[in-house]
Amino acid sequence: MKSEDFRSFLNKYKLSKQQAMHIFGFKKTTYHKYTSPKYEEEISNSVSIICECLDHMGKGKAKRYLELKLSTHRDKSVRKLLT
Numbered sequence: 001m002k003s004e005d006f007r008s009f010l011n012k013y014k015l016s017k018q019q020a021m022h023i024f025g026f027k028k029t030t031y032h033k034y035t036s037p038k039y040e041e042e043i044s045n046s047v048s049i050i051c052e053c054l055d056h057m058g059k060g061k062a063k064r065y066l067e068l069k070l071s072t073h074r075d076k077s078v079r080k081l082l083t
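Residue 1 is where the sequence shown starts when you use this note's numbering, and the numbers rise one by one after that.
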């Protein structure tokens, strides 16, 4: 999985920067490397496996999983999934 694939995954589920950082456990620098167009960073296996599993689940189950994962975030505005 490359950076552009990861960006398209985030766009597909309309995940914000804070939401993606919380779901995948990223720090700001990791998020920047994985989403920046100037870096063609190879995404780690654990992140790509999660993305593939969510795509395989289908939109409804993936949305429920993301909502469950985001429900533990301390900021109430980040908890809400836009899809």
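Every residue, glycine too, gets a C-beta built ideally from N, C-alpha and C.
All values derive from a computational prediction rather than experimental measurement.
Since residue i and residue j are thought to touch, with beta carbons under 8 Å apart, how far apart are those beta carbons, to the nearest angstrom?
i: Y34; j: I43; result: 6 Å
i: V78; j: L70; result: 7 Å
i: S36; j: S3; result: 7 Å
How is residue i classed by DSSP in three states: helix, strand or coil?
i: R64; result: helix
i: I43; result: coil
i: K12; result: helix
i: F26; result: coil
For residue i, count the other beta carbons within 10 Å of its own beta carbon; 16 or more makes it buried, fewer makes it exposed. Which is it?
i: L66; result: buried
i: C53; result: exposed
i: H56; result: exposed
i: S39; result: For clarity, residue 39 is Tyr in the given sequence; the question names Ser instead. When all chains shown are included, Y39 counts as exposed.
Beta-carbon within less than 8 Å of residue i's beta-carbon, same chain only, minus the 5 sequence neighbours each way: which residues are those?
i: V47; result: M1, F6, F24, Y34
i: K28; result: M21
Between residue i and the rest of its own chain, which residues show a CB-CB distance below 6 Å, the 5 nearest in sequence each way excluded?
i: C51; result: F9
Suppose the cutoff is 7 Å on Cβ atoms and the five residues either side in sequence are ignored; what does the same chain contact list for residue i look like?
i: N45; result: none
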